[in-house]
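See below for the structure under consideration.
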Amino acid sequence: MSEVVSHIRFPLRVLKNGTHVYILDSGDRAFATVAYSKRVPFSYEYAKLVCTAQARALTDVFERKKPNAPVQAAESAHEDLAFKVELWFDDDKDVQQVLARFAKATHAQLFFDAIRSEYHGRILRVRQGIRVVWETGSRSAK
């Protein structure tokens, strides 16, 4: 037995049964489904949230709406996130991977402190532009 969770806009609706939340169109074709378990806290709320958000996005596609916010280039999307936590190659000549970006130094420091044991012996740096704020690895830790 299914029950309606949300009527988004024609033609999509979000329904649930005992184990899944799903999106149906007017022809009862499923667009998406997310499983949930009554034994897992908040799994139903999560499944409902995912399906409702997808249904809203799909109705915008059906109505040929353009997204409200312009899509930013990857470079400009990171302008506000000045602090980078980086994993460097062992030769200390180049960045192997940017692990995270943060707007606040305190958040970068918390992340840096949380992951430094996972990268024991590797070079980790928190940088703001070219300035090194914290580091571990080949040089002395700050």
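Okay, so the sequence shown: first residue is 11 according to the numbering used here, each after it adds one.
Beta carbons are placed, not taken as given, at the ideal position from N, Cα and C, and that holds for glycine.
Item	Value
Alpha carbon of Leu34 to alpha carbon of Val24, nearest angstrom	6 Å
Length of the line joining the Cα atoms of Phe121 and Ser36	46 Å
As assigned by DSSP and simplified to three states, the class of Leu91	coil
Residue range of the alpha helix (DSSP H) that includes Ala115	Ala115 to Ile125
Strand pairing of Glu128, partner residues [DSSP]	DSSP lists no partner for Glu128.
Bounding residues of the beta strand (DSSP E) (the contiguous stretch that carries Thr146)	Arg141 to Thr146
Backbone secondary structure at Thr62 - three-state DSSP	helix
Tyr32 - partner residues in DSSP beta bridges	Leu25 and Thr43
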